[in-house]
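Here is the structure we will look at, set down as structure tokens.
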Amino acid sequence: MLASVLKKVFGSANDRIVKKYDKIAKQIGLLESSVINLTDQELQDRTRVFKERVANGETLDSLMPEAFATVREAAKRVLGMRPFDVQLVGGMVLHNGTIAEMKTGEGKTLMATLPVYLNALSGKGVHLVTVNDYLAQRDAAWMGKIYEFLGLTVGCVVHGLSDDQRRRAYGADVTYGTNHEFGFDYLRDNMKFRLGEMVMRPFNYAIVDEVDSILIDEARTPLIISGPAEDSSDLYQKIDELIPTLIETDYEKDEKQRSVTLTEAGVEKLEQLLFQKNLIKGNGLYDVQNMSVVHHVNSALRAHKLYSRDVDYIVKNDQVIIIDEFTGRMMEGRRFSEGLHQALEAKEKVTVEMENQTLASITYQNFFRLYPKLSGMAGTAVTEADEFEEIYNLQAIEIPPNVRVARLDHDDEVYLTAREKYAAVIEQIKDCQGRKQPVLVGTTSIERSEFLSGLLKEHKIPHQVLNARYHDQEALIIADAGCSGAVTIATNMAGRGTDIKLGGNLEMRVERELKDMPWGPERDQRIAAIKAEIDMDEERVKKAGGLYVIGTERHESRRIDNQLRGRSGRQGDPGGSKFFISLEDDLMRIFGSERLDPMLRKLGVKENEAISHTWITKALERAQHKVEARNFDIRKHLLKYDDVMNDQRKIIYEQRRDLMKLDSIEEMTKAITDEVIAETVQFHAPAEVLPDQWDLKGFHAEITRLFGLDLPLQSWIDEETVNPAEIEKRIHQKLKEKMDAKVEAYGPEMMRSAEKTLLLRILDQSWKDHLLSLDHLRQGINLRAYAQSNPLNEYKREAFNLFQYMMAKLKSDFVVVLSHFDLKLSDNTSLDSILEPSINFDALEEMTPEDWAGGGSSPEEAAVQRLPRKTRNVADIDSQNPDTWGRIQRNAACPCGSDKKYKHCHGIIGG
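Below is the structure:
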């Protein structure tokens, strides 16, 4: 009671923050008169002056009013758009590292230019993160005009750019791009061999557009870069043929958890089929030697029973392409992990790509927490304020609209069956069409959007369909969605990031209708005529009630529903919205009350009758709350496990950068060698044990393996004065003589280059193997709960032990390679070309340190076999002469014509 009284008197915390920023916005308004009379050149010169003041120690906060006033004037001159005071307030919220929630259509894209310009003055770069390539390119070109007018450089990072293009884009003052591109570039940079090859600068400041979508919805799945593992595509295809023979009693499916498992009957049936196909050995499917087959069976089962075409993925150009469940867009280049993608490819009879192994990964949570300063903007963020606070330490501030929202949000209409629901949707569309009112119909999947499209065709209602199949037409379809009488069906994307303007979009119509008309008076007249048509149509639409939004079912998250509603009623425009629900919808079927359907029938609900009752509303809210809470738990669970890996990732990436910064790692090499020698002597010749009890045979074998030295250990021990310290000293001396001979043979510069390159390579291989170990550990760790152990604590403990083991093994592997490697050159091969990782290290992709050191009669010969070779022209290759083959990929066919892979033929260790 007291809290509500205080809130009425003093306002909420959000109100107080906005009020404080309002005062600064008024100060910026007073500065407008001082910039409005400046010439373009004088306005542009302010950027240089601001940069000098920042360089001299002035804070960005003190510059904010002047910088914002400058951007506001530049936007007026360049784009004809003047930021409102509420946009200035939103810009301050972003500059202070918080989240700004602004209603759809309030101009978040323009608002972001204010803090972006201000923070770019430091010269450290600003990243603006969008949800797709289209928006990144659109905003970089559109808002980039303001930055370029004021003397800043603008870059845009999208799929398909080269490293040089990316480096230039990241070197700009302002860089637009998607969360995927920024995240993957970070991972790829930490796999490079030279600082000069990296494309990103140190992180400074990022603004995340649609922050709820990127930092919450997409944060359930980590970013993963993977490399090819052994090819098992044939096995996926063979097992895929068996899954359709299963019936419902052969498996148990849990749609809530998205899991499916075989029953005993299903296991028996599959075992018989697998034995017939000679795909398993031993006594049954779950024998140890058949574990890889179990993996393939589980993947195929999930592909067939849990994942649906045109809902979870589409098939296009002989590829299975994932559909983002939150935006409905295609996710080009992304693949399901753990063999699921290969199983889907086998199911859809397209080319089965090779299975992959994780090389690098990071969650979005840990990636965005790398930025010293982070902020975001969205139309719906306050509902997730607790998660933003807990995970990212970001506060969400609600910015009031410039003009009060006039949209009418009608109560949901709930029907017993989907058939009745869709009949009501068709009637609502017809009603709107009769008034020439534009309609936007939101669906949750491609399948449902095309089903609804079919119904509209039956009723001869003209319409447009916007989903992942027509992703490239998004801008054109949305441009006409606000025209009188237009009917647009959209999946979850619903035109996110693009305004649906009543009457149509002038810029898009001009681009579409006048693209071939030359500039001149005739074109100007035609543009004026198009504008007059749009203005007339806008008035017609407003009289009809504005854009009407229809939701065909509730989404898992209330935010997605609100975003769909938010397509209508921008900047005070009229509009309306209504959701049509059926008890057969996935949300109600999976998470709703099981007693709801019989209860409603008992109450006498008739066919084709809409239900409107507080019970139904509460059931819907409970269902959405259940899913939101479950998804939050998934994200927190994922983050807890990734935090363990994140600490290790930071150590490895910092070590890589430190290595790349050094011109020489001679001192580091000596320290590693000293440590390995000391540990070896301590293990095989401990001081507290008498010499006659030492394992000399094992000691000699280890010295040979590690250092390639044949030492007279027995004769040393026969000397009465020899002790472990003296043995350690003698090993040092012998190894030094060997390494000095290498330095003399190759030269000090080449030896230092070889040391650095080899250590980086082994570090990467060790990290890759460690990630694979963590993947395996993670998959089975939950079974520890049966032993009354906390799986997370067990994972932390074992991951730490694995990391310690990896670091120790890395040192010994480095010593092995360094001691054994030899560089035998042909007449036309230089040392530089052999040790150039950016060119030649593709050939070493599958090489492990053990491969370098063993397998042949001479470790040196084994190492030379695995060194990369220069690539040759096909015409110069003689199948009988290996010297003409050049560099061969490990998984490529052997040039000798044996039909074997190179690594199993002439590329075999010691071959």
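Position 209 of the sequence shown, counted from 1, bears residue number 209 in the UniProt record's numbering, the numbering being contiguous throughout. Ideal Cβ placement from N, Cα and C applies to all residues, glycine included. Owing to the predicted nature of the structure, the values given are computational and were not obtained by experimental measurement.
If you check the beta carbons only, do residue i and residue j fall under 9 Å apart?
i           : j           : result
residue 380 : residue 559 : yes
residue 129 : residue 106 : no
residue 342 : residue 352 : yes
residue 188 : residue 660 : no
residue 385 : residue 209 : no
residue 170 : residue 371 : no
residue 817 : residue 758 : yes
residue 566 : residue 406 : no
residue 360 : residue 224 : yes
residue 47  : residue 152 : yes
residue 74  : residue 43  : yes
residue 280 : residue 346 : no
residue 587 : residue 556 : yes
residue 58  : residue 31  : no
residue 358 : residue 452 : no
Sort out for me which residues DSSP pairs residue i with in a bridge.
i           : result
residue 311 : Looking at the DSSP assignment, residue 311 forms no beta bridge with any residue, so it has no partner.
residue 362 : 223
residue 407 : 575
residue 550 : 441, 578
residue 330 : 323
residue 375 : 207
residue 128 : 176, 207
residue 464 : 488
residue 156 : 176
residue 260 : 253
residue 316 : 319
Can you list, in chain order, the residues of its chain whose CB lies under 7 Å from that of residue i, leaving out five sequence neighbours each side?
i           : result
residue 14  : 397, 398
residue 250 : 262, 263, 265, 266, 269
residue 284 : 271
residue 806 : 766, 770
Under the assumption that residue i contacts residue j (Cβ atoms under 8 Å), give the Cβ distance between them as a whole number of angstroms.
i           : j           : result
residue 166 : residue 199 : 4 Å
residue 243 : residue 301 : 6 Å
residue 110 : residue 63  : Not a contact, Cβ separation roughly 20 Å.
residue 749 : residue 669 : With a Cβ gap of about 15 Å, residue 749 and residue 669 do not count as contacting.
residue 446 : residue 311 : 7 Å
residue 692 : residue 684 : Not quite, the Cβ-Cβ distance comes to about 14 Å (not below 8 Å), so this is no contact.
When burial is assigned at 16 or more other CB atoms within 10 Å of the CB, is residue i buried or exposed?
i           : result
residue 651 : exposed
residue 517 : exposed
residue 747 : exposed
residue 894 : buried
residue 789 : exposed
residue 449 : buried
residue 222 : buried
residue 674 : exposed
residue 479 : buried
residue 799 : buried
residue 625 : exposed
residue 623 : buried
residue 795 : buried
residue 764 : buried
residue 808 : exposed
residue 689 : exposed
residue 707 : buried
residue 36  : exposed
residue 16  : exposed
residue 34  : exposed
Leaving out five residues before and five after residue i in sequence, what residues of the same chain have Cβ atoms less than 6 Å from its Cβ?
i           : result
residue 147 : 154, 174
residue 432 : 439, 548
residue 21  : 89, 92
residue 408 : 576
residue 324 : 331
residue 841 : Residue placement at residue 841 is poorly supported in this model, since its pLDDT is 28, which falls under 50; the coordinates are not used for a value here.
residue 309 : none
residue 687 : 724
residue 143 : 113
residue 572 : 403, 406
Please find out if some non-hydrogen atom of the ligand ZN comes closer than 8 Å to the beta-carbon of residue i.
i           : result
residue 669 : Questions concerning the ligand ZN fall outside what the structure shown contains, since it holds no ligand whatsoever.
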